[in-house]
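Just add 2 to the spot in the sequence shown (first one is 1) and you have the numbering used here. Each remark here refers to the structure printed beneath this line.
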Amino acid sequence: IADSMRGRLDAANGTLTLGGIYEYSQALINARRIIVLACGTSWHSGLVAEYLFEEYCRIPVEVEYASEFRYRNPVIHEGDIVIAISQSGETADTLAAIELAKSKGAIILGIVNVVGSSISRVTHEGAYLHTGPEIGVASTKAFTGQLSVLTMIALSVAHKKGTITQTRYKELLVELARIPAKIKEVLDNNAVVEEIAERFKDAKNFIYLGRGYNFPVALEGALKLKEISYIHAEGYPAAEMKHGPIALIDEEMPVVFIATRDSSYDKVVSNIQEVKARKGVVIAVVTKGDALIPALADYIIEVPPCEEALMPLISVIPLQLLSYHIAVMRGCNVDQPRNLAKSVTV
Ligand code: F1P
3 IADSMRGRLD
13 AANGTLTLGG
23 IYEYSQALIN
33 ARRIIVLACG
43 TSWHSGLVAE
53 YLFEEYCRIP
63 VEVEYASEFR
73 YRNPVIHEGD
83 IVIAISQSGE
93 TADTLAAIEL
103 AKSKGAIILG
113 IVNVVGSSIS
123 RVTHEGAYLH
133 TGPEIGVAST
143 KAFTGQLSVL
153 TMIALSVAHK
163 KGTITQTRYK
173 ELLVELARIP
183 AKIKEVLDNN
193 AVVEEIAERF
203 KDAKNFIYLG
213 RGYNFPVALE
223 GALKLKEISY
233 IHAEGYPAAE
243 MKHGPIALID
253 EEMPVVFIAT
263 RDSSYDKVVS
273 NIQEVKARKG
283 VVIAVVTKGD
293 ALIPALADYI
303 IEVPPCEEAL
313 MPLISVIPLQ
323 LLSYHIAVMR
333 GCNVDQPRNL
343 AKSVTV
């Protein structure tokens with residue numbers, strides 16, 4: 003985990019040292035607000051960062067699609083902190099949005115995978131994701147790397163600001179150190195995901211629902227399915243279902259709930275009941291040991307228990323696997339999906 007930013011995580015002693023962000027770490031601690039600029043999967047990482055920074059650092063965060071931000075007249079104050087996230091480091095919209103923010107005096111911190119890429123050259127400082135190149139076009143391990151780095155930055159800032167207790171900080175560091183083993187456990191569950199993929203490979207539409215930290219995961223699950231399987235998929239916050247998407251629910255459409263045990267659990271259970279009452283088909287990603295949701299859902303995928311704030315690192319994996327298996331079963335080229343470019347440079 004810490005290797006992804008060449009940082010040092012010593013969970014046993016409760017210490018975390020960031021890589022890449024040195025000179026501007028104090029600016030981050032003092033930030034009155036943070037603006038996240040990104041596109042696609044990287045934008046979803048930014049949404050997770052919003053939950054992290056607001057919960058633990060008490061810094062307001064705005065997560066902006068760079069492709070929109072660059073064309074409006076956004077309010078940027080001198081000294082605002084911008085965190086720009088990009089796997090390739092070449093995305094033209096993100097680059098243009100950075101230039102705009104920089105011209106108005108913002109401090110630009112980059113989270114980029116590709117060393118020496120265009121975005122890394124225009125930022126003031128930043129962390130590289132040392133996760134190796136993405137082989138395929140669709141971001142997967144870069145998402146994990148981005149979440150790891152953003153989590154480490156948020157926890158470090160919270161610790162230095164004193165907006166997190168020492169005990170809680172240590173607990174989260176210990177949990178962070180356990181993430182690789184938990185991801186392995188999810189990957190070992192691949193056969194279950196493959197069976198579900200076989201059952202739903204011909205579906206025309208999917209909907210993905212989650213709350214809190216799992217809401218961006220719902221968006222990312224839907225994006226991965228669209229990108230590599232060409233199946234129409236929508237991601238929504240589960241609480242928004244009643245404001246529109248509920249009209250779509252019928253016996254044909256799989257509804258994927260990211261329904262792990264967290265502070266939204268009871269609300270998610272109600273949402274699942276609402277879908278079942280309308281004869282919807284439910285696939286639920288649940289915490290191992292949960293008995294209630296498996297009794298309601300049609301298909302379940304278990305993931306190990308995990309701290310709520312770190313769950314996206316775990317809960318996204320079965321959704322990536324689901325998209326992968328469906329794509330392969332439909333004969334799609336998962337590495338080179340049609341119409342997509344690895345770096346969107348126009
Ligand atoms: C952004 C992005 C990816 C997506 C696809 C097209 O790229 O939207 O998230 O998977 O490859 O580009 P980046 O700025 O993170 O490189």
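Just so it is clear, CB atoms sit at the ideal spot from N, CA and C, and this is done for glycine as well.
Grouping DSSP H, G and I as helix and E and B as strand, with all else coil, what is residue i?
| i | result |
| --- | --- |
| Asn-207 | strand |
| Pro-307 | coil |
| His-234 | strand |
| Ile-85 | strand |
| Ala-29 | helix |
| Glu-70 | helix |
| Ile-316 | helix |
| Tyr-301 | strand |
| Gly-112 | strand |
| Arg-10 | strand |
| Val-330 | helix |
| Leu-130 | Looking at the sequence shown, residue 130 is not Leu but Tyr. Reduced to three states, the DSSP call for Tyr-130 is strand. |
| Gly-16 | coil |
| Glu-52 | helix |
| Thr-93 | coil |
| Leu-152 | helix |
| Leu-39 | strand |
| Gly-212 | strand |
| Ile-3 | coil |
| Glu-254 | coil |
| Thr-347 | coil |
| Pro-62 | coil |
| Val-77 | coil |
| Val-270 | helix |
Could you give the C-beta distance for residue i and residue j, rounded to a whole number, given that I count them as a contact under 8 Å?
| i | j | result |
| --- | --- | --- |
| Thr-167 | Cys-59 | That pair is no contact at about 14 Å. |
| Val-50 | Leu-152 | 7 Å |
| Ile-230 | Ala-329 | 4 Å |
| Ser-88 | Val-114 | 5 Å |
| Ile-109 | Tyr-26 | 6 Å |
| Ile-248 | Phe-208 | Their Cβ separation, rounded to whole angstroms, is 15 Å, which puts Ile-248 and Phe-208 out of contact at 8 Å. |
| Pro-182 | Ile-3 | 6 Å |
| Phe-145 | Ser-69 | That belief does not hold up - the Cβ atoms of Phe-145 and Ser-69 are roughly 18 Å apart, past 8 Å. |
Please say whether residue j and residue i have beta carbons closer to each other than 8 Å?
| i | j | result |
| --- | --- | --- |
| Gly-42 | Leu-225 | yes |
| Ala-261 | Gly-237 | no |
| Lys-104 | Val-77 | no |
| Ile-100 | Leu-30 | no |
| Tyr-213 | Ala-240 | Correcting the residue type first, residue 213 is Arg in the shown sequence and not Tyr. Result yes, Cβ atoms of Arg-213 and Ala-240 sit closer than 8 Å. |
| Leu-11 | Leu-178 | yes |
| Ile-121 | Thr-96 | yes |
| Gly-107 | Glu-127 | no |
| Ile-285 | Asp-264 | no |
| Met-243 | Asn-216 | no |
| Pro-311 | Leu-174 | Contrary to the premise, residue 311 reads as Ala rather than Pro in this sequence. Taking 8 Å as the Cβ cut-off, Ala-311 and Leu-174 qualify as a contacting pair. |
| Ile-251 | Val-271 | no |
Can you grab the Cα-Cα spacing for the pair residue i / residue j, in whole Å?
| i | j | result |
| --- | --- | --- |
| Arg-332 | Leu-102 | 42 Å |
| Val-38 | Gly-147 | 16 Å |
| Arg-201 | Leu-323 | 14 Å |
| Asn-341 | Ser-44 | 19 Å |
| Ala-205 | Leu-227 | 11 Å |
| Gly-21 | Ser-6 | 9 Å |
| Tyr-67 | Thr-93 | 12 Å |
| Gly-9 | Pro-307 | 25 Å |
| Val-195 | Ile-303 | 7 Å |
| Pro-256 | Gly-282 | 7 Å |
| Phe-71 | Gln-338 | 28 Å |
| Gly-138 | Lys-344 | 8 Å |
| Ser-158 | Val-65 | 20 Å |
| Glu-56 | Arg-170 | 16 Å |
| Thr-19 | Ser-325 | 35 Å |
| Lys-203 | Cys-334 | 12 Å |
| Leu-111 | Val-288 | 35 Å |
| Ile-23 | Ala-156 | 12 Å |
| Asn-359 | His-161 | Residue 359 is absent from the model: the chain starts at 3 and stops at 348. |
| Val-116 | Gly-246 | 39 Å |
| Val-277 | Arg-35 | 38 Å |
| Lys-172 | Gly-223 | 30 Å |
| Ser-266 | Leu-321 | 20 Å |
| Gln-28 | Lys-163 | 10 Å |
| Val-176 | Ala-13 | 5 Å |
| Leu-211 | Ala-235 | 11 Å |
| Pro-135 | Thr-142 | 11 Å |
| Gly-16 | Ser-150 | 17 Å |
| Asp-292 | Val-305 | 10 Å |
| Phe-259 | Arg-180 | 24 Å |
| Val-346 | Ala-140 | 12 Å |
| Ala-193 | Glu-52 | 33 Å |
Check whether chain C comes within 8 Å of residue i, counting only Cβ atoms and requiring the distance to be less than that.
| i | result |
| --- | --- |
| Ile-155 | The structure shown contains no chain C, having only a single protein chain. |
Original post:
Are the region 186-193 and the region 311-326 touching by the rule of at least three beta carbon pairs closer than 8 Å?
Top reply: With a cut-off of 8 Å on Cβ pairs, the region 186-193 is in contact with the region 311-326, counting three or more such pairs.
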